[in-house]
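In terms of numbering that gives the first Met the number 0, the sequence shown opens at residue 0 and continues consecutively.
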Amino acid sequence: MTTDNTEIKPQELLHSIQNTTSLETLEQQRIQLLGKKGHISLKLKNIASLNPEERKKQGKILNQIKQQLNEAFSQQKDKLSTQALDTKLNTHKPDLSLPVSSKPQGRIHPLRRIIEEMISVLGHMGFSLKEGPDIEEDFFNFSSLNFPPQHPARQMQDTFFLNARDKEGLPKVLRTHTSPVQIRSLVKTKPPLKIIAAGRTFRCDSDQTHAPMFHQVEGLLIDSSTHMGHLKGCLETFCRSIFGVKNLSLRFRPSFFPFTEPSLEVDIRCRRTPEKIIIGEGNEWLEILGCGMVHPQVLKNCGHDPKKFQGFAFGIGVERVAMLKYGIPDLRAFTSGHIPWLQHYGFHATDTPSVGFGLHPLKS
Ligand code: DAH
């Protein structure tokens, strides 16, 4: 081991670090002092040969110096890096005339695309977009929507319950549908109200046609005179626009949801061939969404007089529509993160969704 008798002058060293103007020189300096064979490191090694008392004293001093130097190096490094970045940002001029890369790698996920299309179509009809949390309280997900405690309809929802509790002491849930956003809007706003919600929903169910996380788009219109004719017209325009089929026929079937009365399920006309389903042709029907007139009790639960206000609501599963529209055979692929799948079914960032009234050439 080399013995190094040169005296360390911490103030001089600190001064020299603070005056260094290049990152490379700074790094060289750091290695010379604190690197494995650096000046300070060697001195620390050498104290092994001192007597215990001296060793303790010198060790303490050297470690303090080492710490001071480390801090000074790190501060100076930050300072010089910031300066270098500032200089780069101030001098770098992007060439805006360069063409867009002809082979962009990223893709927009088909679910994101179809949600944007739905929001765009409903937005054209005057609905505004609202949001709600994924983790919901029992009141918003169930009781206000007229699912009383122990009601069998709660079981249809295969709920994920969480350990966290709400104000009532009831377990919080991962929202099983987007309908709680109806309630969040209704308790805050006096009708007239015309909103949509779009987002993730969760149910404890997983097989070829069910995923524990899926997406819904929800609509709600409340005023003093809206009736089922309006609901029918709205959903006809919506489905025709989304599927791009001008005369698409819809079939309304009686159904049950606790928060609507009457409740309906909507089917669209289709023809099934061995390879695919053709929307708008043939004599078969495919269930596509649930809807109904908002139950008077739901309006009461949100503090509104059902004698004054009425309206409709609907909810649609997004994955199902995307599978039909884009010919995607497997539900599980949506969350597989499989890049070749995304390259195939995804959309280029520069593609504009082809929906909206007057924008969208509807097929007849
Ligand atoms: N929330 C229902 C579900 O997840 C879907 C639904 C049906 C929503 C009818 C509605 C509606 O707003 O009116 O199964």
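C-beta atoms are modelled at their ideal positions from N, C-alpha and C, and glycine is treated no differently. None of the values given here were measured: they were computed from a predicted structure.
The DSSP-derived three-state label of Ala197 is strand. Three or more beta-carbon pairs drawn from the segment 137-147 and the segment 254-265 are found closer than 8 Å, and the two stretches are therefore classed as touching. For Phe313, the Cβ falls inside the 7 Å cut-off from some heavy atom of the ligand DAH. Per the coordinates, the alpha-carbon of Arg199 lies some 22 Å from the alpha-carbon of Lys187. Taking a 10 Å sphere around the C-beta of Glu53, we find fewer than 16 other C-beta atoms and assign the residue as exposed. Not one heavy atom of the ligand DAH sits closer than 7 Å to the Cβ of Ser143. Non-local beta-carbon contacts of Ile134 in its own chain, meaning distances under 6 Å to residues more than five positions away in sequence, involve Lys171 in chain order. The residue from Asn50, Glu115 and Leu97 with its alpha-carbon nearest to that of Ile241 is Glu115. With distances taken between CA atoms, Lys76 lies nearest to Thr24 out of Ala312, Lys275 and Thr24.
Under the three-state reduction of DSSP, Asp157 is assigned to coil, being neither helix nor strand.
Taking the C-beta atoms as reference points, Phe333 is found nearer than 8 Å to Glu318. A direct Cα-to-Cα measurement between Leu22 and Lys59 gives close to 29 Å.
Collapsing the DSSP output to three states places Asp85 in a helix. Nearest C-alpha to Leu185 among Gln154, Gly345, Val293 and Gly34: Val293. Minimum Cα-Cα distance from Leu12 among the listed residues Gly279, Lys56 and Ala71 corresponds to Ala71. In the DSSP assignment, Gly243 is bridged to no other residue.
Per DSSP, Pro109 lies in no beta strand (DSSP E); the unbroken alpha helix (DSSP H) holding it starts and ends at Pro109 to His123. In this structure, the alpha-carbon of Leu41 lies about 60 Å from that of Arg164. For the ligand DAH, a non-hydrogen atom lies closer than 7 Å to the CB of Ser178. Cβ-Cβ distances below 7 Å link His343 to nothing in the same chain once the five nearest sequence neighbours on each side are left out.
No residue range can be given for His303, since it is assigned to no alpha helix (DSSP H) and is classified by DSSP as neither H nor E. Around the beta-carbon of Gln31, fewer than 16 other beta-carbon atoms lie within 10 Å, marking it exposed.
The Cβ atoms of Phe159 and Phe213 do not sit closer than 8 Å to each other. Taking all protein chains in view, the Cβ of Ser48 is surrounded by fewer than 16 other Cβ atoms within 10 Å, so the residue is classified as exposed. CA-to-CA, the gap between Gly291 and His150 works out to about 20 Å.
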